Amino acid sequence: MAHLSNVYRKAWLGWGYVNNPEFSLADKYPLISTLAASAATVGQCALEVITRFRWDIVSIIYTSNEVRFCDDIMDSLMNSLSDANAAFTPRIALKQIVDPNDDESYKQTLRQIKARSRVVIFCMDLVNDRRGFLIKADQMGMTNNEYVFFMLGLRSNAFGQDILYRRLGH
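Heads up: the sequence shown at position 55 corresponds to 55 in full-length UniProt numbering, and the numbers run straight through without jumps.
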């Protein structure tokens, strides 16, 4: 649809889950508007929060799947963090894709985070994955005032998303 809006010179409004960072490129897609933020702007906003609080060492974990929801968001974050014009850039202690079904590897990742940083930036596409992450963090003794968990995501921002999400059992 985005390409067709350029071909036919018609405005296109993205409603719902439209987070492809390409859609933020005004030169490439001048006729596109979306109701929810794109993944590109989420990375920029996350850097603003990191800068505001001066979090100098952060860990990044996320899940990956065929939709690439969290992959796109984390790519955006990494692009923002590597921007030469950024006023502040934290050190990345760990960046890891986690598999919610591999309990031992997951706990090993949390042990590494525990040893290296206190700020955890995470993205989990599914509700059950977010819940599982917080349960594991609690089991590892990480749910106290020593740690900050900063979740990046765009879900439930658009009309009907929350109802659809529940209906699909997520």
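Backbone N, C-alpha and C fix where the C-beta goes; we use that ideal spot for every residue, glycine too.
From a predicted model like this one, the values you see are computed outputs, not experimental measurements.
The beta strand (DSSP E) runs of length 3 or more contained entirely in the stretch 76–132 are, from start to end of the chain, 91–97, 119–123. Short of 7 Å from the beta carbon of Thr51, and not among the five residues preceding or following it, lie these beta carbons of its own chain, in chain order: Ala87, Phe88.
Across the structure, Thr41 and Asn85 are spaced so that their CA atoms are roughly 16 Å apart. With a cutoff of 8 Å on beta-carbon distance, Cys123 and Met78 are scored as not near each other. Looking at the DSSP output, Val148 sits in a beta bridge with Val119.
Within 10 angstroms of the beta-carbon of Phe133 lie 16 or more other beta-carbons, which makes it buried. Between Ile113 and Pro90, the gap from beta carbon to beta carbon reaches 8 Å or more. Here Thr109 is actually not in contact with Val119; their C-beta atoms are around 15 Å apart, not less than 8 Å.
Each residue's CA atom was taken as its position, placing Phe53 and Glu66 some 33 Å apart.
Pairing Lys107 with Met151 gives a Cβ-Cβ distance that is not under 8 Å.
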